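Here the structure is laid out as structure tokens; the discussion comes afterwards.
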Amino acid sequence: MSEHPDAGPSREALSVHFSSRTDLWATPLSFYAKLDAEFGFTLDVCAIADNAKCARYYTPAEDALRQRWDGTCWMNPPYGRQIGLWIEKAYVSAQQGATVVCLVPARTDTRWWHVWVMRADEIRLVRGRLKFGDGRNSAPFPSAVVVFRPPIEGPPGQGLTRVVALSPAGA
Ligand SMILES: C[S@@+](CC[C@H](N)C(=O)[O-])C[C@H]1O[C@@H](n2cnc3c(N)ncnc32)[C@H](O)[C@@H]1O
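The sequence shown begins at 1457 in the numbering used here and counts up one residue at a time.
Put into structure tokens, the structure is as follows:
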């Protein structure tokens, strides 16, 4: 049965956001490749062998939230209730010297966004919707790339968050 065009996201598309299956949904490769060219990631902080973006990665068995994050980290976390813990860990790890680049849903009304994302050095708002994993449908939510960098010495004002637009190819 086809859905009315005004009906909003289909049940299948919505399930992308609300199902724990999304925990496994991989970052689109071309999207990741551009960021990797810019940052040169050395650690994928949450992955399994099938979707890891770096040779070095933490798995659920190791529990990344209990590990030390160092170097230049890529984070596309599980989008479930614990997402705030992942963003907090990204912020804390940056305070300890890592650079952490996060791909998260642009949920600007959430507590985790206000408490942690607003402390980021940079927020890149993705134009259009990403197609995660091998999904045919675009995600039913907007995405943002959030960059946490180590603290720098400098004059007041250096800590302000920069918000920019990010256009993936085709968007
Ligand atoms: C949205 S996927 C991202 C996969 C891949 N890093 C990418 O960017 O395409 C999130 C991944 O986090 C993993 N994960 C879930 N809980 C984890 C934990 N506590 N520690 C490490 N990885 C975890 C899941 O198995 C899943 O592979």
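Just so you know, even glycine gets a beta-carbon here, dropped at the ideal spot from N, CA and C.
Quantities reported herein were computed from a predicted structural model and do not represent experimental measurements.
Give a single yes or no on whether TRP1525 has its beta carbon closer than 7 Å to a heavy atom of ligand 1. No, the beta carbon of TRP1525 sits no closer than 7 Å to any heavy atom of ligand 1.
CB contact flag (PHE1497, TRP1530, <8 Å): yes
Tell me where the beta strand (DSSP E) around LEU1559 begins and ends. 1555–1561
Which same chain residues, not among the five before or five after GLY1527, have their C-beta less than 6 Å away from its C-beta? THR1498 and LEU1499
Buried or exposed by the 16-neighbour rule on C-beta atoms within 10 Å, applied to ARG1576: It is worth fixing the name first, because residue 1576 is Ala in this sequence and not Arg. Flag for ALA1576 reads buried.
Contact test: TYR1514 Cβ vs ligand 1 heavy atom, cutoff 7 Å: yes
Using C-beta distances below 7 Å, list every residue in its chain close to VAL1573, excluding the 5 sequence neighbours before and after it, in chain order. ILE1543, ILE1579 and VAL1602
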